[in-house]
Amino acid sequence: MTGLLRPVWMRRQLSGPWRWSGAGWQWWLAGPDGRQPARCLDDYLHHDDSSAVVQLRAKQSRPRWCYRIDDLSGPEQHWFAKRMVLSRRQRPGALLGLSHRWVGLAHGSAEFHHALMLSQRTSLGVTMLALGERLESGMPAEQALISEWLGEWTTFGHALASSPGARRVALMSALMEALRQLYNAGICHMDLHPGNLLAPRARPGENDRPLQLKVIDCARVSLKAAPDAATAIHLGVLIHELNGKRDGLDPVLEQAAGHLLRAIVGHPGPAVERLLSLVLRYSTKKPFSRHSLIARSPERLPLDRIERELREMIARRPPQTIEPVMAGPELAALIETALDQAADIPMR
Ligand SMILES: Nc1ncnc2c1ncn2[C@@H]1O[C@H](COP(=O)(O)OP(=O)(O)O)[C@@H](O)[C@H]1O
Ligand SMILES: [Mg+2]
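Under our numbering, residue 353 is the last one in the sequence shown; the count climbs by one each step, no gaps.
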């Protein structure tokens, strides 16, 4: 009966539900490669110990765990898993595969679906292998996502901070390419901060080769945003964080961000430019809802009111500044160098 309530994408693209043990978990596989890691995690969740599963860290603020699953049967191979407890509000959305604030936005079903979509529409996706869930009264109460292992990758912020000049340019070019792909695919990630973009670790002699980034943590993705507004939000959030989350913004950095926006979307309207300027300047983290920035077309957004709201929020909370990844003018110069290099490459 519950099977009929599951979303079409789940029934079409995944096989399942599979149940293997008395752990109370059921599994949906995106392909045969998901079977082994799903069985390992199922076993771990059943017995609470398994030499094949290593807990990486637990987030204190939310009931959420990350694991590395090891293939003990053959050559060194790992998988990555993320497990989350769902609030009662999120459960209907997780069951129906709907991502909406009324039935739950950021559950495992949404994240798995968005990550699959990202892989289908861009080259930025992580290969998703299996989705597990523990049901209570027929509704998912916990979910687990299993994907390929990217332990050798590092976050974009860390890669930028720790790389020499030539690789920084390659990283910035890769970021431009990632933003362009999201724009072309009509995907707004909604939380594209420098920790949700992964970059491959540098190998000797590889400094100026084109790099490919991966986008993770896709729970809140929206497909309904105007693509130019989505790009402004992506760029604004990324640069705000790389700039150390400070309210002040160097004018050359704002200018470089504007150039980057234009390189991707062509001719943004004044509302989109203003949107970029707001997201660059102010923290748009909770309790602010970034969804309010895509609820209407950019021209119809009450941007004056939104700016007032953002200012008031900042005034009410302690400063959240961190060490910037690079000084504003240096980051601006890096963006301009990557743009100049891209201009020298003929368009495909
Ligand atoms: N496929 C993966 N392989 C290895 N580590 C990963 C993978 N995906 C994410 N991680 C690590 O786990 C961290 C958290 O993942 P993320 O999906 O961003 O969860 P959260 O919602 O907790 O931010 C990442 O910053 C990264 O260090
Ligand atoms: Mg994250």
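Backbone N, C-alpha and C define an ideal beta-carbon position, used for all residues, glycine too.
For residue 319 and residue 288, believed in contact at Cβ under 8 Å, the rounded distance: 6 Å
N- and C-terminal bounds of the beta strand (DSSP E) containing residue 75: 69-75
Whole runs of the beta strand (DSSP E) within the stretch 136-219, excluding any shorter than 3 residues: 144-153, 158-160 and 202-205
Residue 182 versus residue 9 - alpha carbon distance: 40 Å
Through-space distance from residue 309 to residue 301, alpha-carbon basis: 15 Å
Contact between the stretch 293-300 and the stretch 332-344 (3+ Cβ pairs under 8 Å): no
Proximity below 8 Å, CB of residue 224 to CB of residue 115: yes
Beta-carbon proximity of residue 195 to residue 102, cut-off 8 Å: no
Sub-8 Å separation of residue 35 and residue 174 beta-carbons: no
Inter-residue spacing [alpha-carbon to alpha-carbon] between residue 264 and residue 341: 8 Å
Close-in-space but distant-in-sequence residues of the same chain around residue 328 (CB under 7 Å, 5 per side omitted): 249
Pairwise C-alpha distance: residue 346 and residue 97: 48 Å
Contact belief for residue 158 with residue 205 at Cβ below 8 Å, rounded distance in angstroms: 6 Å
Residue 86 vs residue 19 beta-carbon contact at 8 Å: no
Cβ neighbours of residue 330 in the same chain (closer than 6 Å, five flanking residues each side left out): 162, 165, 166 and 247
Whole runs of the alpha helix (DSSP H) within the stretch 12-41, excluding any shorter than 4 residues: 13-18
Beta bridge counterpart(s) of residue 316 as assigned by DSSP: For residue 316, which the question treats as bridged, DSSP gives no partner whatsoever.
Candidates 228, 26 and 43, of which the one nearest residue 52 by Cα: 26
Chain-ordered residues, beta carbon under 5 Å from a heavy atom of ligand 2: 201 and 222
Paired residues, beta bridge with residue 86 - DSSP: 72 and 151
Cβ-Cβ distance between residue 170 and residue 232 below 8 Å: no
Distance CB(residue 280)-CB(residue 237) smaller than 8 Å: yes
8 Å contact criterion, which residue 99 and residue 79 should meet: CB distance rounded: About 34 Å; that fails the 8 Å criterion.
Neighbour-count burial assignment, residue 47, 16 or more Cβ in a 10 Å radius: buried
N- and C-terminal bounds of the alpha helix (DSSP H) containing residue 282: 275-286
Residues that residue 62 bridges to, as DSSP identifies them: 71
Residue 153 CB to nearest heavy atom of ligand 1 below 7 Å: yes
Straight-line Cα distance separating residue 251 from residue 291: 16 Å
Heavy atom of ligand 1 within 7 Å of residue 156 beta-carbon: yes
Proximity test, residue 291 beta-carbon vs ligand 1 heavy atom, cut-off 7 Å: no
Backbone secondary structure at residue 247 - three-state DSSP: helix
Pair within 8 Å by beta-carbon distance, residue 168 and residue 84: no
Contact test: residue 85 Cβ vs ligand 1 heavy atom, cutoff 7 Å: yes
Buried/exposed call for residue 222, threshold 16 Cβ in 10 Å: buried
Supposed contact pair residue 33 and residue 135 - C-beta distance, whole angstroms, cut 8 Å: 7 Å
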